[in-house]
Amino acid sequence: MLMAASLVLLMTPGLALFYGGMSRQKSVLNMMMMSFGSMGVIAIVYILWGWSMSYGTQSIAGIFANPFEQFGLAGVIGDADGWVAGATGTYPQVIDVGFQVTFAIITCALISGAIAERTKFGTWLAFTGLWVTLCYFPLAHMVWGGGLLGDGETGFASWIFGSTDGEANIAPVDFAGGTVVHINAGMAGLVLAILIGKRLGFGKTAFRPHNLPFVMLGAALLWFGWFGFNAGSAFAADGAAGLAWVNTTAATAAAMLGWLATERLRDGHATSLGAASGIVAGLVAITPAAGSVHPLGAIAIGAIAGALAALAISMKNRFGYDDALDVVGVHLVAGLWGTIAIGLFATGTFGTAPGLFFGGDGWKLLVVQIVIALVALVFTAIMTTVCFYVLKPLGWRIDEAAESTGIDGAEHAETAYESQTQALRG
Numbered sequence: 001m002l003m004a005a006s007l008v009l010l011m012t013p014g015l016a017l018f019y020g021g022m023s024r025q026k027s028v029l030n031m032m033m034m035s036f037g038s039m040g041v042i043a044i045v046y047i048l049w050g051w052s053m054s055y056g057t058q059s060i061a062g063i064f065a066n067p068f069e070q071f072g073l074a075g076v077i078g079d080a081d082g083w084v085a086g087a088t089g090t091y092p093q094v095i096d097v098g099f100q101v102t103f104a105i106i107t108c109a110l111i112s113g114a115i116a117e118r119t120k121f122g123t124w125l126a127f128t129g130l131w132v133t134l135c136y137f138p139l140a141h142m143v144w145g146g147g148l149l150g151d152g153e154t155g156f157a158s159w160i161f162g163s164t165d166g167e168a169n170i171a172p173v174d175f176a177g178g179t180v181v182h183i184n185a186g187m188a189g190l191v192l193a194i195l196i197g198k199r200l201g202f203g204k205t206a207f208r209p210h211n212l213p214f215v216m217l218g219a220a221l222l223w224f225g226w227f228g229f230n231a232g233s234a235f236a237a238d239g240a241a242g243l244a245w246v247n248t249t250a251a252t253a254a255a256m257l258g259w260l261a262t263e264r265l266r267d268g269h270a271t272s273l274g275a276a277s278g279i280v281a282g283l284v285a286i287t288p289a290a291g292s293v294h295p296l297g298a299i300a301i302g303a304i305a306g307a308l309a310a311l312a313i314s315m316k317n318r319f320g321y322d323d324a325l326d327v328v329g330v331h332l333v334a335g336l337w338g339t340i341a342i343g344l345f346a347t348g349t350f351g352t353a354p355g356l357f358f359g360g361d362g363w364k365l366l367v368v369q370i371v372i373a374l375v376a377l378v379f380t381a382i383m384t385t386v387c388f389y390v391l392k393p394l395g396w397r398i399d400e401a402a403e404s405t406g407i408d409g410a411e412h413a414e415t416a417y418e419s420q421t422q423a424l425r426g
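Numbering (full-length UniProt numbering), first residue to last: 1 to 426.
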């Protein structure tokens, strides 16, 4: 579990490379700093009240847990009598804290790609702390902490199809974060992209990635780290972890090929940016389904995710919102597909109800998956809007002159690449 947590933590620097390479040269440092800034703020906030809000025992209306119950990890680590056992009872609970904080960090960092090259760094840091508090921690509690989107008798699934012995008859499935991570981050990115507004020259200027090798290296690190994300969510070195590992590999490979095939048919070329983006789309789509589908189902989920995400990135031009690095097209669309696809491809043999393709009542799981996805969408949209307006007095955008010359110099007084003239002056 410590290795899995370390792999997930590596994903955020990997994301920094992925996003940094996709940015323009004058914006790469700021883009990478947004990921590192998320690590700094959220690691502290999670220890103070994030764990308590997500997994505390005092649930408030099934939406979030009491942030003061285990504030500062009170009662979580242990005392002179011994360590507090984790949920599985096989290792100390503090290891669960380490694992889960990495999920909160990467989720918030994902949002940054939607608002690249125009957002004040200080406001972004304030947003990370506020957003995880109002949006991520509650959604983690609702899905994984026994709240409204979980399998308890007070959740939506029980309200729809009833419960037995305190558990929903048709339990929702989110193995490693389709709703909590990807739908959450994708919807937040869409809201902020609309409210903050477009970059200068959007629709007129070609915003090209400045370093495609960075993008591919970042995608490789994300793929590597994602094994901790998905296989680690089995919370044991067992068959469920092995299935999640294999499904993660299969779906990601299929999604890369699906994206490249879509590019080839649409544009006549299969690009390195498309390969890297397809990898991420496949990782996103299989995340909620990794423990409940057969590897053949994972291949289908991944291939469809790659094609859907490749087609979805054109939506920003059609609808006029500036999702700079395709957070909506990749994370929201692929996350929605992966969450709903469970209702189709779940085999019913890995501890979950069967999906539509594997059982007479499989449509029930499909209904439950759609409901939890929609609830997550609405909740995230509302809370992200609240965060935006709470922080509006700080100012969200850098001024036009700074945006034109480059956010790296304006916000950090640095440039990623020193020119020969600058070197001589130095």
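Glycine included, each C-beta is placed from N, C-alpha and C at the ideal position.
Computed from a prediction, not measured in an experiment: that's the story for all the values here.
Linking residue 233 to residue 172 through their CA atoms gives a straight-line distance of about 16 Å. Leaving aside the five residues that flank residue 75 on each side, none in its chain has a CB nearer than 6 Å to its CB.
By DSSP's assignment, residue 119 forms a beta bridge with 397. The three-state reading of DSSP puts residue 410 in helix, counting H, G and I together.
At a Cβ-Cβ threshold of 7 Å, residue 20 and residue 209 do not count as neighbours. With fewer than 16 neighbouring CB atoms inside 10 Å of its own CB, residue 3 falls in the exposed class.
Beta-bridge analysis with DSSP links residue 65 to 59. With a cutoff of 7 Å on beta-carbon distance, residue 174 and residue 288 are scored as near each other. For residue 153, there is no enclosing alpha helix (DSSP H), as DSSP marks it with neither H nor E. In terms of Cα proximity to residue 183, the closest of 381, 295, 397, 71 is 381. Cβ contact annotation for residue 376 (same chain, cutoff 6 Å, sequence separation greater than five): 179, 183, in chain order.
If the five residues before and after residue 12 are omitted, its C-beta is found closer than 6 Å to the C-beta atoms of 35, 39, 105, 106, 109, all from its own chain and listed in chain order. Closest by C-alpha distance to residue 314, out of 96, 302, 327, 132, is 327. Nearest in C-alpha terms to residue 157, of all of 61, 407, 367, 387, is 367.
Within the DSSP bridge table, the entry for residue 78 names 83 as partners. In terms of Cα proximity to residue 57, the closest of 304, 71, 211 is 71. Of the candidates 395, 55, 284, 165, the residue whose Cα lies closest to the Cα of residue 298 is 284. One thing to note: residue 244 has its Cβ within 7 Å of the Cβ of residue 291. The alpha-carbon of residue 207 is positioned some 16 Å away from that of residue 193.
The C-beta of residue 319 has fewer than 16 other C-beta atoms within 10 Å across all chains shown, which makes the residue exposed. Our two residues, residue 280 and residue 331, have alpha carbons roughly 8 Å apart in a direct line. Note on residue 204: under 16 other CB atoms within 10 angstroms of its CB, so exposed under the neighbour-count rule. Annotation for residue 152: 146 place their beta carbon closer than 6 Å to its own, counting only its chain and skipping 5 residues before and after. With respect to the 7 Å criterion, residue 8 and residue 225 are classified as neighbours on the basis of their beta carbons. Pairing residue 305 with residue 373, the inter-Cα distance amounts to about 16 Å. Exclusion of the five residues before and after residue 85 leaves 92, 93 as the residues of its chain whose Cβ lies within less than 7 Å of its Cβ.
The segment 280–368 is shown to contain no whole beta strand (DSSP E) run of 3 or more residues.
Cβ contact annotation for residue 394 (same chain, cutoff 8 Å, sequence separation greater than five): 120, 122, 123, 126, in chain order. In this chain, the alpha helix (DSSP H) harbouring residue 225 covers 212–230. DSSP lists no bridge partner for residue 209. Between the C-alpha atoms of residue 88 and residue 242 there is a straight-line separation of about 18 Å. A straight-line Cα-Cα distance of about 16 Å links residue 188 and residue 198.
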